[in-house]
Amino acid sequence: MKSSWIKNTVLLSDRYTTNGKWVVRNRSRLLSLIVRNLDVNARKVLDLGCGDGVYSPQLLQSFPNISLLVGIDVSRESIKLAKFKYAGRKTEFILADGENLPFREKSFGAIISKDVLHHANEPMQVIKEIVRASMGASIIVEANKTNPIMLLNEKYGHHHLTSQQLIYLAKISGVSKFKTFYSYNYPFTMRLPSSNPIVSVWNLNVSFLLILSEKVPLLVDFFSQVMSPLLRQSYNGLAVNSDA
2 MKSSWIKNTV
12 LLSDRYTTNG
22 KWVVRNRSRL
32 LSLIVRNLDV
42 NARKVLDLGC
52 GDGVYSPQLL
62 QSFPNISLLV
72 GIDVSRESIK
82 LAKFKYAGRK
92 TEFILADGEN
102 LPFREKSFGA
112 IISKDVLHHA
122 NEPMQVIKEI
132 VRASMGASII
142 VEANKTNPIM
152 LLNEKYGHHH
162 LTSQQLIYLA
172 KISGVSKFKT
182 FYSYNYPFTM
192 RLPSSNPIVS
202 VWNLNVSFLL
212 ILSEKVPLLV
222 DFFSQVMSPL
232 LRQSYNGLAV
242 NSDA
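Just so you know, we're using this note's numbering here: the sequence shown kicks off at 2 and counts up by one.
Quick look at the structure:
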C-alpha cells in the first residue's frame with residue numbers, strides 16, 4: 002500500500018510539473034524578470050545550458066528583433082531533443098561547453114545562463130566566457146541555495162548558489178560592474194527520491210495545490226503571495242555588463 006501511494010504521488014507530481022500550467026507560469030514569470038535586465042533589441046541571443054530548449058519559444062517572443070537564438074548544452078541527448086522540437090529559421094542548437102564557448106568576442110547582444118554554474122568544474126571560466134562573448138548585458142541565474150527546498154536538494158549533491166556566492170564568483174572573475182536580482186517562484190515539487198517521506202509529503206501537498214489551481218486559476222496568484230515569503234527567493238540572478 003505504501004509503495005503504491007508513493008508511486009501515485011510521484012505520478013501526480015510529474016503530471017503537474019512537466020508541462021502543467023503551474024510550471025508554464027513559473028517559467029514565464031522568471032523569464033520576464035530575466036529579460037527585464039537585458040537589451041530586448043538584441044538580434045543574437047545565446048541560451049547557455051539550454052537543455053532541450055524549453056525556454057526557446059519564450060525567448061524568441063521576448064526579443065522582437067531577434068535574428069538568431071543559439072542554444073548550447075553539454076548533453077548530446079538534450080541538443081538532439083532541442084533540434085527535434087524547436088529547430089527553425091531563427092534557432093541553432095550546438096553541443097558545446099560553457100567553459101570554452103565556440104564563438105568570437107562580442108558575438109551576442111544578450112547571453113542567458115540558467116542553473117549552469119553549479120554544474121561547472123570552473124564556474125569562473127564560464128563567467129569569463131560569458132563576458133567575452135557578449136557585447137551587452139548577460140544574465141546568470143542560479144537556484145537559491147538557502148531556499149528550503151534547495152537545502153534538501155543539497156543533501157543529494159545539488160550544490161546551488163547563494164547571491165553572495167554569485168557576487169564572489171563575479172568579482173574573482175574580474176567583473177567590476179554587475180547587479181543582483183531575485184525571483185520568487187510559485188511552489189514546485191522536489192525531484193528527489195520518493196522514498197524520502199519529506200519529499201513524498203511535500204510533493205503530495207504541492208500537487209494538491211496544483212490541481213486546485215487548474216480548477217480555479219485565481220488560486221495560483223493567491224498561493225504565490227502566501228507561500229513565496231515562506232520559501233524565500235527561489236532564484237538568485239546576476240546581471241553582468243560585458244562592457245565593464
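Think of the CB as a built atom: it goes at the ideal place given N, C-alpha and C, for glycine as much as any other residue.
- The alpha-carbon of Ala-97 is positioned some 27 Å away from that of Val-25.
- Pro-198 sits exposed, since fewer than 16 C-beta atoms from the chains shown fall within 10 Å of its C-beta.
- Going by C-alpha positions, Asn-206 is about 23 Å away from Ser-29.
- The alpha-carbon of Asn-122 is positioned some 31 Å away from that of Phe-64.
- DSSP places Leu-102 in the coil class of the three-state scheme, outside both helix and strand.
- In the structure shown, the three-state DSSP call for Lys-115 is strand.
- With contacts defined as CB atoms closer than 7 Å, Ile-112 and Ser-139 qualify as a contacting pair.
- The three-state reading of DSSP puts Phe-223 in helix, counting H, G and I together.
- For Asp-53, the CB contacts under 6 Å within the same chain, skipping 5 residues up- and downstream, are Ser-79, Leu-82, Ala-83 in chain order.
- Residue range 124-134 is occupied by the alpha helix (DSSP H) that includes Ile-128.
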